[in-house]
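**Q**
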Amino acid sequence: MVFRVQPFFVLVIGFILQRCIITNGATHWIVTEDGRLQAQTDSVYNLRRPYDLVAFMKQEQRASMLNDLKKELLNRKDEIDRNEDRDSGLEQKFYKTNPDCIEAGKPLPEFDLYISTVLPLENKGIRPEEHIDVNGSPTSNPRQPDCTAFMDLEFSMHAFEHLEGLKARTNLTGAPELGLKNAITHRESVDDYGHLVFDALMK
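The sequence shown finishes on residue 203 if you use the UniProt record's numbering, and the numbering steps up by one all the way, no holes.
#1: Could you check how far apart the C-beta atoms of Gln59 and Tyr45 are, in whole angstroms? I think they sit under 8 Å.
#2: Alpha carbon to alpha carbon, how far is Met202 from Cys101? Give it in angstroms, no decimals.
#3: At the level of alpha carbons, what is the spacing between Met1 and Thr32?
#4: Which residues share a DSSP beta bridge with Ile30?
#5: Using the beta-carbon count (16 or more within 10 Å), is His195 buried or exposed?
#6: If you measure from the beta carbon of Ala39 to each beta carbon in chain C, is any gap under 7 Å?
#7: Using C-beta distances below 7 Å, list every residue in its chain close to Ala200, excluding the 5 sequence neighbours before and after it, in chain order.
#8: CA-CA distance, Glu129 and Val197?
#9: Would you call the CB atoms of Asp191 and Pro145 closer than 7 Å?
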């Protein structure tokens, strides 16, 4: 038996194929280890409200928008990478040509930005020699001044025990504050000066 294809049928098939829109496949559903079908949460087709018909109909539009954003970000990344390679020596050039950098003599990270700032006590109307025996002889066992032993403070150090730094005091590190050393004009040793303050508090 010989089957003949009707011309009308061929025309219908050709019309349908011409009207087909080229689409791209997407992996949205996966099979879990226990054999269940589950939607991927990181898929652009994932819906927070699966029952939302409007959101379902706009899935393709949202996927196209995200694809355009991805292309734009990749283009910007390439542009940034090209500019970075071109301006690799910009920092050194700036240090050599900028007047402020030339006057400073070294880059900003090499400066000690945490140096102590000390105001002379005379600015507050306090003359140290009126309270401290600047001519006192050094001692072999200097005492450290403790303000809490001589007056009631408005706060308690125990109120700060919950802070992470105070919980692990042994992990704290510190560098000598040279700015404080310059404020002590009566003694070369900070320990000796501290002992003079201790004696003054005892009076």
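Heads up, the beta-carbon is just placed ideally off N, CA and C, and yes, glycines get one too.
**A** With the structure as the only source:
#1: Translated into positions along the sequence shown, residue 59 becomes position 59. Translated into positions along the sequence shown, residue 45 becomes position 45. Yes, they are in contact, since the Cβ atoms of Gln59 and Tyr45 sit about 5 Å apart, within 8 Å.
#2: To locate residue 101, count along the sequence shown from 1; it is residue 101. To locate residue 202, count along the sequence shown from 1; it is residue 202. Rounded to the nearest angstrom, the two C-alpha atoms are 51 Å apart.
#3: Taking the first residue of the sequence shown as position 1, residue 1 is located at position 1. Taking the first residue of the sequence shown as position 1, residue 32 is located at position 32. Legend: pLDDT at Met1 = 45, less than 50; position of this residue unreliable, no value from coordinates given.
#4: On the sequence shown, position 30 is the one that residue 30 refers to. Answer is Gln38.
#5: One-based indexing of the sequence shown puts residue 195 at position 195. Buried.
#6: In the displayed structure, chain C is absent; only one protein chain is listed.
#7: Translated into positions along the sequence shown, residue 200 becomes position 200. Excluding residues within five positions, the ones whose Cβ falls inside 7 Å are His131 and Ile132.
#8: Position 129 of the sequence shown, counted from the start, is the residue given in the question as residue 129. Position 197 of the sequence shown, counted from the start, is the residue given in the question as residue 197. So the two alpha carbons sit approximately 11 Å from each other.
#9: One-based indexing of the sequence shown puts residue 191 at position 191. One-based indexing of the sequence shown puts residue 145 at position 145. No. Outside cutoff.
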